[in-house]
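Following our numbering, the numbering of the sequence shown begins with 106 at its first residue and continues without gaps.
For glycine and all other residues, C-beta sits at the position ideal for the given N, C-alpha and C.
Let me begin by presenting the structure, written as structure tokens, before commenting on it.
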Amino acid sequence: MFATPPSPPPQTQGWCPGAWQPMASGDGLVVRVRPPLGRLSAAQALRLAELAAQHGAGLLELTSRANIQLRGVAPDQHGALLDALAAQGLLDPDARQEQLRNLVIDPLYQPADGVLALAEALQQALVADTALDGLPAKFGFSLASGRHGGLAEVAADVQIVRDGTQGWRLQVPGQPIAWQADNPSLTVQAALALARCCAAQARARRAAGEHPGRLPQMLRQTGVLPPLALPADLREVPPYLPADGSPNPGWQSGLGLLVAAPLGRVTADALARLARSGIRSLRLTPWRMLLVEGLAPSDSAVLEEAGLGHSDHWIRDPQDARLRVSACSGAPGCRQALAPTQDLALALAPHVPDGAHLHVSGCAKGCARQLPSTVTLVAQAGEQEPVFGRARHALARAVTDSRLSARSLRDNPGLLFEEI
Ligand code: SF4
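Okay, here's the thing in structure tokens:
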């Protein structure tokens, strides 16, 4: 039993928020849960909803790395929450394993495409490999089926892509070549080799007093992998990952129903109702949506029971304007936030043109969106009322071109996309 939250084991270097190492926020701890292979049974989903209500603020967030996190957990509840997560099979044995199992799996995998089997083999190999100690805290993989472009925007040090009948392609973003492995075993070996290379360089950089960095940045600086890094049986090929955008909510043929939640936030009650409705399981996605596995359009009774038609909680219409906005936690949930963000994003959503995206960030860190948006509003300091800088086609840390108060934005939302 974990009467008090345990300390991370000594081999964990760097720091990455998770269940074992929660992040302190303005409304309590944020406890991120990384379900095995990105999947929750109905019973696990129900228990998570109960735990969010019992130990947290009754709110769960779907993250861009296909995790789910509980907000507002009191520090003295953390140990009890870990116990409960462990009882549901939702807690890694230690922080090291939780960190190493950082793999975003294409949630639209098919039964016979080998994605799930490769993910399982890779995760087992990662946690067993002691040469990976010292890996940068956020080092991670993505594993794409190659049938759609929804994984192109997922941050990963190593992207693995199903390559038709040719096997698997491994690539590091920004590098001019990729490596093709013609079987899953070689793919796992190659993935481990890349991770070991990154771990070795990170250890060396730390010893020299430098920041460990990420693999794409390291390779951009050093230019090449060290010799011996990769198995000899790999073939060099051009990098490729389909990039036609994230899937929309709706029916996914043979798989189930993809549903989004406004700003990726699900209330404990809405999740509990979904979990109790007779569904089998849920897949987490990096698009802040859930795939309700096995559901079919003919399952009208389950759909009704699940409450998926309740638009306050769920988004099923691909034209829903709320899909065009995102926002970080903002104030008061985040201690760094200079203004509230979420209500403003939802208020402005109907005014975001089709094909555009608005991100509202509580500070220039921009931690809730790694991609440029058509317009990014960044809260700025020094005013009596909340004021936002506007950046166009940029990230939150970009130089802003104008300052607008939250009130003027709400009163004149047309200003936002002027001249774009
Ligand atoms: S972007 Fe800033 S305000 Fe928003 S969640 Fe991150 S640190 Fe907090």
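Around the beta carbon of R274, a 10 Å sphere encloses 16 or more other beta carbons of the protein chains shown; the residue is thus reported as buried. Under DSSP, the beta-bridge partners assigned to H464 are S431 and T481. By the CB criterion at 8 Å, S250 and V220 fall inside the cutoff. Under the DSSP definition of a beta bridge, Q357 partners with G361. In the three-state reduction of the DSSP assignment, A496 falls in the strand class, which pools E and B. When C-alpha distances from H415 are compared across A469, A365 and Q447, the shortest belongs to A365.
S169 has its CB no nearer than 7 Å to any heavy atom of the ligand SF4. Sequence-distant Cβ neighbours of V342 in its own chain, meaning closer than 6 Å and more than five residues away, are A283 and Q285. Around the ligand SF4, the residues whose beta-carbon falls short of 5 Å from at least one of its heavy atoms are C433, S434, C439, Q441, A442, S466, G467, C468, K470 and C472, given in chain order.
Note that the C-beta distance between L324 and V371 is not below 8 Å.
Between the region 308-327 and the region 374-387 there are fewer than three C-beta pairs closer than 8 Å, too few to call the two in contact. Runs of the beta strand (DSSP E) lying entirely within the region 268-316 and spanning at least 3 residues, in chain order: 273-276 and 283-286. Within the region 178-262, the runs of beta strand (DSSP E) that reach at least 3 residues and sit entirely inside it are, in chain order, 208-210 and 246-249.
If you look at V407, you'll find it in the alpha helix (DSSP H) that goes S405 to A411. In the DSSP assignment, R502 falls outside any alpha helix (DSSP H) and carries neither an H nor an E.
By the neighbour-count definition (other C-beta atoms within 10 Å, threshold 16), A348 is an exposed residue.
Taking C-beta atoms as the reference points, L400 and A300 fail to come closer than 8 Å. The bridge partners DSSP lists for G133 are S130. The C-beta distance from A158 to A334 rounds to 48 Å, too long to meet the 8 Å contact threshold. Note on D268: 16 or more other CB atoms within 10 angstroms of its CB, so buried under the neighbour-count rule.
Secondary structure of S382 (DSSP, three-state): coil.
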